[in-house]
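Everything below concerns the one structure shown next.
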Amino acid sequence: GDSVTQMEGPVTLSEEACLTINCTYTATGYPSLFWYVQYPGEGLQLLLKATKADDKGSNKGFEATYRKETTSFHLEKGSVQVSDSAVYFCALSGYAGGTSYGKLTFGQGTILTVHP
Amino acid sequence: ETGVTQTPRHLVMGMTNKKSLKCEQHLGHNAMYWYKQSAKKPLELMFVYNFKEQTENNSVPSRFSPECPNSSHLFLHLHTLQPEDSALYLCASSQAGQANYGYTFGSGTRLTVV
């Protein structure tokens with residue numbers, strides 16, 4: 045079945061440091077890939093997505109590239125801010141045939157804390 | 047405003063109480079989901095509804111009873127809960143069969159069972 049593996053957290057960085065959160069996946073066919081962010085006390089929000097190999101999703105200074113050869117979708121940001129402190133989830137939607145995509149499979153989440 | 051509204055935001059209930067969580071979406075979606083998020087545990091998918099029909103129940107105890115009267119509303123009825131059921135309950139919606147567009151989540155209901 046489909047699965048997503050994220051790097052273990054928590055991750056603690058100083059403001060303006062570089063961020064990478066690793067995500068690898070197992071899926072048949074051509075899944076769509078996502079990063080969601082959950083700020084304290086809130087639900088999950090879609091941060092970015094990519095739907096085919098070599099696509100780069102980007103939003104709010106974050107980016108991730110769909111790498112089919114390494115089955116990876118690592119999240120990166122060049123300079124983090126205190127306001128980026130949140131839990132980050134990698135997810136995939138498996139291709140189910142025709143025009144149908146199945147439900148999302150989530151990784152376990154990575155807690156990011158950014159200090160001033 | 048995320049398009050998916052959950053009420054109440056916080057709920058404290060005793061183990062013998064009966065309460066309901068409500069989820070409402072105005073996005074024109076036709077698939078809805080309940081998730082449980084406990085501290086230090088991965089997201090747990092509880093129930094899936096497509097076009098008002100339950101299509102997935104992930105071995106959830108019967109003290110949790112979902113209801114989907116139409117594609118815009120989803121309820122989770124709770125009775126005789128245990129302290130370990132304390133968690134953040136998240137509702138999400140999407141177009142059925144089009145999860146490649148992602149889900150839209152509500153802000154969740156923080157449930158405490160005492």
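Here the protein sequences come in this chain order: A and B. Numbering-wise (my numbering), the first sequence opens with residue 45 and increments by one. Numbering-wise (my numbering), the second sequence opens with residue 47 and increments by one. No residue lacks a Cβ here, since even glycine has one placed at the ideal position from N, Cα and C. For clarity, every value in this text was computed on a predicted model and none was experimentally measured.
Quiz item: With 7 Å set as the bound, which would you pick, yes or no: does the beta-carbon of Ser144(A) sit closer than that to a beta-carbon of chain B?
Solution: Within the first sequence, residue 144(A) is the residue found at index 100, counting from 1. Yes, its Cβ sits closer than 7 Å to a Cβ of chain B.
Quiz prompt | Reference Trp80(B), options Ala142(B), Leu124(B), Glu90(B) and Arg55(B), closest by Cα | solution = As a first step, residue 80(B) is located in the second sequence; it is residue number 34 there, counting from the start. Ranking Ala142(B), Leu124(B), Glu90(B) and Arg55(B) by Cα distance to Trp80(B) puts Glu90(B) first.
Practice problem: Out of His56(B), Tyr147(B) and Leu134(B), state which residue places its alpha-carbon closest to the alpha-carbon of Gly101(A). | Solution: The sequence position of residue 101(A) within the first sequence is 57, counting from 1. Nearest C-alpha to Gly101(A): Tyr147(B).
Quiz item: At a cut of 8 Å, does the stretch 55 to 73 of chain B reach the stretch 124 to 131 of chain B through at least three beta carbon pairs?
Solution: Touching, yes.
Quiz item: Given Lys147(A), which residues of its chain have a CB within under 6 Å of its CB, disregarding the five upstream and five downstream residues?
Solution: Reading the first sequence from its first residue, position 103 is the one you call residue 147(A). Hits under 6 Å: none found.
Quiz item: Do you know how far the Cα of Val159(B) is from the Cα of Met10(B)?
Solution: Residue 10(B) falls outside the range modelled here, since chain B spans only 47 to 160, and no answer is possible.
Exercise. Would you kindly work out how many angstroms separate the C-alpha atoms of Thr149(A) and Glu59(A), rounded to a whole number?
Key: As a position in the first sequence, residue 149(A) is number 105, starting the count at 1. As a position in the first sequence, residue 59(A) is number 15, starting the count at 1. In a straight line, the C-alpha of Thr149(A) is about 31 Å away from that of Glu59(A).
Quiz prompt | Residue burial classification, Glu47(B) (beta-carbon count within 10 angstroms, cutoff 16) | solution = Working through the second sequence from its first residue, we reach residue 47(B) at position 1. Summary for Glu47(B): the model assigns pLDDT 49, below 50, so the residue's position carries little reliability; its value from the coordinates is reported in the next sentence. Answer is exposed; the Cβ neighbour count stays below 16.
Quiz item: Quick one: which chain A residues come within Cβ less than 7 Å of Phe110(B)?
Solution: The residue labelled residue 110(B) in the question sits at position 64 within the second sequence. The contacting residues do not exist; Phe110(B) stays about 19 Å from chain A at best.
Practice problem: Could you give the DSSP three-state label for Ala145(B): helix, strand or coil? | Solution: Indexing the second sequence from 1 puts residue 145(B) at position 99. Annotated three-state conformation of Ala145(B) is helix, per DSSP.
Quiz item: Using a beta-carbon distance below 7 Å, is Leu88(A) in contact with chain B?
Solution: Taking the first residue of the first sequence as position 1, residue 88(A) is located at position 44. Yes, contact with chain B.
Practice problem: Measuring only between beta-carbons, confirm whether Ala145(B) sits less than 7 Å from chain A. | Solution: Here residue 145(B) refers to the residue found at position 99 of the second sequence. Taking 7 Å as the threshold, the shortest C-beta distance from Ala145(B) to chain A falls below it.
Quiz item: CA-CA distance, Thr143(A) and Thr101(B)?
Solution: Walking along the first sequence from the start, residue 143(A) turns up at place 99. Walking along the second sequence from the start, residue 101(B) turns up at place 55. Distance from the CA atom of Thr143(A) to the CA atom of Thr101(B), rounded to whole angstroms, is 19 Å.
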